[in-house]
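Novice: This is the structure, below, for whatever I ask next.
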Amino acid sequence: MGTEHGTTHRPVPGLPLVGRQVEIAQILDTLGKGRTAPRTLLLLGEAGAGKSRLLAVAVDHARDNGTLVLACQGIEAESRRSFAALHQLLLPVLPDVAALPDHLRTALETAFGMAPADRPADPMSLHMAVLTLLTEVCRRQRVLLTVDDVQHLDRDSLDVLSFVMRRVTAQDMPVLLAARGQTPPDGLPADLRTLLLGPLTAQAAAELLDAQPHVPTGRTRIELLRQADGNPLAVIELCRAAGTGGAGVLPGGGVPQTQRIQELYASRLRGLPTAAQRLLLYAAASDEDLPTIMTAAGAGQDLGAWTPAEEAGLVTVAEGRVVFRHPLARAGSYHSAPAGLRQQAHRDLAAALTDDPARRAWHLAAACVGQDESVAAALEDTAALVELRGALFTVAQALQRSAECSPAPADRARRYAMALRAAQNTGDPSWVGELYEKVTALTDNRNLLGMAACGAGMALSLFGDQRQGFRVLMSAMEPHPPTDGITVLALAGVLNGVAYQSGLPEARGAIATLLAGAEAENRETPYAELTTSATAAAIRAATLAGADPTAATELLRGMPRQWGASEPSTRLAEITWAVGLATVAWFADESDLCVDAHRQAYKLVSAHGSMGIVAPSLNSMGAALIDTGRWAEADEHLEKAAALAAVHKWRHLQTDLEALQVTLRALRGEPAVMPADAAWTAVRLEENRATHARLLQAAGTGAAAAGDFDGAFRHFRSLFAEDGTPLHYFLSPRSIADFAAAAQRTGRQEEAAHIVEAVRAAMGPRPTTRMTLLLHHAAALTGDPKDAEHHFRLATVDPAGDQWPLARAQARLHYAQWLRRRRRPLDARPLLVTALESFTRLGAAGRAEEARVELRASGVATSPAQADPLAELTAQQREIVRLAARGLRNREIADQLMLSPRTVSSHLYNVYPKLGVSSRNQLHALFEDL
39 MGTEHGTTHR PVPGLPLVGR QVEIAQILDT LGKGRTAPRT LLLLGEAGAG
89 KSRLLAVAVD HARDNGTLVL ACQGIEAESR RSFAALHQLL LPVLPDVAAL
139 PDHLRTALET AFGMAPADRP ADPMSLHMAV LTLLTEVCRR QRVLLTVDDV
189 QHLDRDSLDV LSFVMRRVTA QDMPVLLAAR GQTPPDGLPA DLRTLLLGPL
239 TAQAAAELLD AQPHVPTGRT RIELLRQADG NPLAVIELCR AAGTGGAGVL
289 PGGGVPQTQR IQELYASRLR GLPTAAQRLL LYAAASDEDL PTIMTAAGAG
339 QDLGAWTPAE EAGLVTVAEG RVVFRHPLAR AGSYHSAPAG LRQQAHRDLA
389 AALTDDPARR AWHLAAACVG QDESVAAALE DTAALVELRG ALFTVAQALQ
439 RSAECSPAPA DRARRYAMAL RAAQNTGDPS WVGELYEKVT ALTDNRNLLG
489 MAACGAGMAL SLFGDQRQGF RVLMSAMEPH PPTDGITVLA LAGVLNGVAY
539 QSGLPEARGA IATLLAGAEA ENRETPYAEL TTSATAAAIR AATLAGADPT
589 AATELLRGMP RQWGASEPST RLAEITWAVG LATVAWFADE SDLCVDAHRQ
639 AYKLVSAHGS MGIVAPSLNS MGAALIDTGR WAEADEHLEK AAALAAVHKW
689 RHLQTDLEAL QVTLRALRGE PAVMPADAAW TAVRLEENRA THARLLQAAG
739 TGAAAAGDFD GAFRHFRSLF AEDGTPLHYF LSPRSIADFA AAAQRTGRQE
789 EAAHIVEAVR AAMGPRPTTR MTLLLHHAAA LTGDPKDAEH HFRLATVDPA
839 GDQWPLARAQ ARLHYAQWLR RRRRPLDARP LLVTALESFT RLGAAGRAEE
889 ARVELRASGV ATSPAQADPL AELTAQQREI VRLAARGLRN REIADQLMLS
939 PRTVSSHLYN VYPKLGVSSR NQLHALFEDL
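Numbering (the numbering used here), first residue to last: 39 to 968.
See the structure below:
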């Protein structure tokens, strides 16, 4: 009987629970048998945060383990009925009441109306009756109590439950509760352990959205995630709304309404005075400040008009802003009003914004039915203003709406093309695809089609469709190319990205053809960021380096290391230049410069509110951070980049980033680390060779870390064809030393030797410093034994190799192993000591242990080397710590790093325990020791 009760907590079929793994672990830990810590837990969170779903997980887990679940749920309509919730909770065990002592049985039956009340009730008898009943049930079987929506429990039931919760720990009876809000409801024990459910991460929210039927794409997807703000119910309901009501999204607020949103908020909205409903409509229709909303709504200066809405829990009014308490409250407030009132609200808001043409244009557009050139022109002007502020997403939205309002087809095509280019910079492939179809249907203008092809080619590449992206880019050159040479340069730059990701020779071969038509200058080009000579030169150099990496070193010599355009320029131009420099540095194997240039670009692009413009570089930055030993920063970068890739559905990047994360975990020595099976089928690997190469590198590294050198050899061997042709022209050769090490471990040196020679030949007469070192390392392991020491020395002595600490440490380890096996332990010891120190500072635990074993075998007693205390800090934390060690105060650090003093203080508070210090003086001493 009891095992079927509590279905209120059963999950809704088909709705996955994502992004709550940490919370689930805490809940299941609370249920753990034999736990000595308190076994009561209160889940807190806003409506739709997933409290009931988490309770359902606990209920299913308990039932699977033979636990009796007693559950109840607070119902607002029953909150004034005494003991309603308690009766619901104990219903499955009421037959056991008969076994209670008479006075306790009578107290319980009287409270539930099962027996007449012939004398005043004794509250203590009732409390003891419930506690005794539950204690007796616990003696027979395990019991879990769950209470949902505690805020709606009747107070009498809550008093009894609070009494019981203080005493059930000894009975090994876990209690899970859930309540709306961020603070415990009145009536619960003050020391009750709580778990606050915050919003989902961006990556988890995207995963939840992707699990829904009829997932929206393009700008609707991004706007939906923005409005949902990490609330799971909002993601689900707004997705359902978009699917049933169309893809239209208003700039200020809502998406189409659903029945569930109406049910959630209709009663609260209907109960408000007309004036409060009007204010909510105007607030929901915009993101304006409080004075603008009140002026537009004709509400004067009386803030008292907001009181009913605040008391209803719909909004908070403070510091000149109106903040909706829940994403669905905004949507409900907007869509509960008739269309005519919504239109009038936007007109009134536009009238109130005479001093702000950009915001005024948005409201005019929202009120516009059909096409209106004045509105279209105002939105185009708005886009130009907003672009100067770097808000690329808003630029694309404004230009698309401008195109929709344009009566003339030529203007519509031009504005759609401009919107597409802005959407390309936001990194939204679906949105770009939608706009590309509109442009190609409206015009045969070669320059507009070239601009559209740039965006569509990059979008297709991010989706993993490299061959289709290649065809779209080349179609822009036929039957004749764009007349704007800078548009052609932009086409070549995008083609370079497609060629790199695909690894297809035909794509690389076409780059020179495109660049031949990119000589002309056109100051009227829509690509304003390419009109400066420095930026255009950087993109040209990056494209040429991608087409032929052996030329990258020479190209890099001709590039300035600092931004210094002589012509007027924009921030976007500086970002583009920094990305170009980072790309050339990547192909030239100048990893430190690559990292520095990427950092510069990312710092600038963060002000635009979108990382889309640098999306193709996210994986190379992650790899460069790993290669240069910046592993803590790599963790932070890869986590953020993975969230972006999930939100925007950058398919190949998702897989690339997962492969890099797997590689990093394997390098740290984590056991059984391999790419997930789904990663191998996420994109077509035959046209995404860069992704294929990263997966093979990750799998090979994971196998080697697990001691499976046959597996490692198999994966690394797959990076090359039988004749030594690399799977990927750039990435495969960078694994040549790892391949050779696996070959040496498995006795396949002869099989590997011809691959090493083929790679050496492909690198040309002047390989990069990095490739020179890797090839010497590989040759020492697989080549003629009499030349081994010569190659080992060349692989370990060049100071430039310190730029790649892991590769340098591995070469030293392998050299030392070679020396020790030739009975030269004294020569091996210094190499082993240095390698051990490097591995330890990096956090490469498995390889550090291998070096330690070798060192002991060479006759040296070892102890664990001291890890770099800064290694586990993020890049921002390390910078804050360095400035604090120099004596700067929190405000001075905040000014330098563009942070708040509170953020600086919080970081220092968190890192002091990690560094083993408690003051700035100790911090200064620590840096002197380092």
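By construction, the Cβ of each residue, glycine as well, lies at the ideal position given by its N, Cα and C atoms. Since the structure is predicted, the reported quantities are computational estimates derived from the model, not experimental observations.
Do the CB positions of G541 and R397 come within less than 7 Å of each other?
Specialist: no
Novice: Within 10 angstroms of its Cβ, does A742 collect 16 or more other Cβ (buried), or is it exposed?
Specialist: buried
Novice: With a threshold of 16 other CB atoms inside 10 Å of the CB of H252, please say whether the residue is buried or exposed.
Specialist: exposed
Novice: For H165, verify whether its CB is less than 6 Å away from any heavy atom of the ligand FMN.
Specialist: Among the components of this structure there are no ligands whatsoever, and the ligand FMN is therefore not found.
Novice: Taking three-plus beta-carbon pairs below 8 Å as touching, is the segment 367-382 in contact with the segment 319-328?
Specialist: yes
Novice: What's the C-alpha gap between Q241 and V353?
Specialist: 27 Å
Novice: With H, G and I counted as helix, E and B as strand and the rest as coil, what does DSSP make of T354?
Specialist: strand
Novice: Can you tell me whether DSSP reads R689 as helix, strand or coil?
Specialist: helix
Novice: Could you spell out the range, first to last residue, of the beta strand (DSSP E) harbouring C443?
Specialist: Neither: C443 is in no beta strand (DSSP E) and is coded neither H nor E.
Novice: Tell me the DSSP secondary structure of A375 in three-state form.
Specialist: coil
Novice: Taking the alpha-carbon of H766 as reference, which of G596, T173 and V536 has the nearest alpha-carbon?
Specialist: V536
Novice: Measuring only the C-alpha atoms, how far is G286 from I260?
Specialist: Reliability of the predicted coordinates at G286 is poor, the pLDDT of 45 falling under 50, and no value is obtained from them.
Novice: Would you be able to state if there are at least three C-beta pairs under 8 Å between the segment 81-99 and the segment 265-274?
Specialist: Segment contact: the segment 265-274 against the segment 81-99, three or more CB-CB distances shorter than 8 Å; contact assigned.
Novice: Pick out whichever of C492, R180, D229 and M162 has its Cα sitting closest to the Cα of V198.
Specialist: M162
Novice: Please look up how many angstroms separate the CB atoms of D836 and L811, rounded, as I've assumed it's under 8 Å.
Specialist: 6 Å
Novice: What residue does the alpha helix (DSSP H) around G495 start on, and which one ends it?
Specialist: R484 to L500
Novice: Let me check understanding here. Comparing Cα to Cα, which of A448, H141, Y454 and P445 lies closest to V433?
Specialist: Comparing Cα positions, the closest option is Y454.
Novice: Please classify A411 as buried or exposed, where buried requires at least 16 neighbouring CB atoms within 10 angstroms.
Specialist: Checking the sequence, you will find Glu at residue 411 rather than Ala. By the beta-carbon neighbour count (other beta carbons within 10 angstroms, threshold 16), E411 is exposed.
Novice: In angstroms, rounded to a whole number, what distance separates the CA positions of D394 and A590?
Specialist: 48 Å
Novice: Apart from the five residues on each side of it in sequence, which residues of its chain come closer than 7 Å, Cβ to Cβ, to D327?
Specialist: Same-chain partners within the cutoff: G358 and R359.
Novice: Is the distance from the Cβ of L698 to the Cβ of L723 below 7 Å?
Specialist: no
Novice: For A249, name the three-state secondary structure that DSSP assigns.
Specialist: coil
Novice: How far does the beta strand (DSSP E) with G83 in it extend, from its first residue to its last?
Specialist: Looking at the DSSP string, the run of the beta strand (DSSP E) that includes G83 is T78 to G83.
Novice: Pick from S770, M489 and V97: whose alpha carbon is nearest that of A457?
Specialist: M489
Novice: Output needed for L500: all residues of its chain with C-beta closer than 6 Å, excluding positions within five of it in sequence on either side, in chain order.
Specialist: P467 and W688
Novice: Do A123 and S200 come within 7 Å of each other at the CB atom, strictly closer than that value?
Specialist: Result no, Cβ atoms of S200 and A123 do not sit closer than 7 Å.
Novice: Who pairs with T232 in a beta bridge, going by DSSP?
Specialist: L80
Novice: May I ask you to report which of helix, strand or coil DSSP gives T184?
Specialist: strand
Novice: Can you give me the start and stop residues for the alpha helix (DSSP H) that V34 sits inside?
Specialist: This structure gives no information on residue 34, because the portion of the chain shown stretches from 39 to 968.
Novice: Which ranges would you report for the alpha helix (DSSP H) in the segment 120-165 if only whole runs of at least 4 residues count?
Specialist: 122-128 and 140-149
Novice: Within the same chain, show all residues whose beta-carbon is closer than 6 Å to that of A734, passing over the 5 residues directly before and after it, in chain order.
Specialist: At residue 734 the sequence reads Leu, which differs from the Ala that was named. Here the set comprises H753, S756 and L757.
Novice: In the DSSP assignment, the beta strand (DSSP E) including A216 goes from what residue to what residue?
Specialist: V213 to R218
Novice: How long is the line joining the alpha carbons of T239 and H686, rounded to whole angstroms?
Specialist: Straight-line spacing of the CA atoms in T239 and H686 works out to 14 Å.
Novice: L164 to P133, Cα distance in whole Å?
Specialist: Cα-Cα distance, rounded: 17 Å.
Novice: Would you list the residues sitting across from Q9 in a DSSP beta bridge?
Specialist: Outside the displayed range of the chain (39 to 968) lies residue 9, so it cannot be described from this structure.
Novice: Hey, could you find the ends of the alpha helix (DSSP H) R858 is sitting in?
Specialist: P843 to R859
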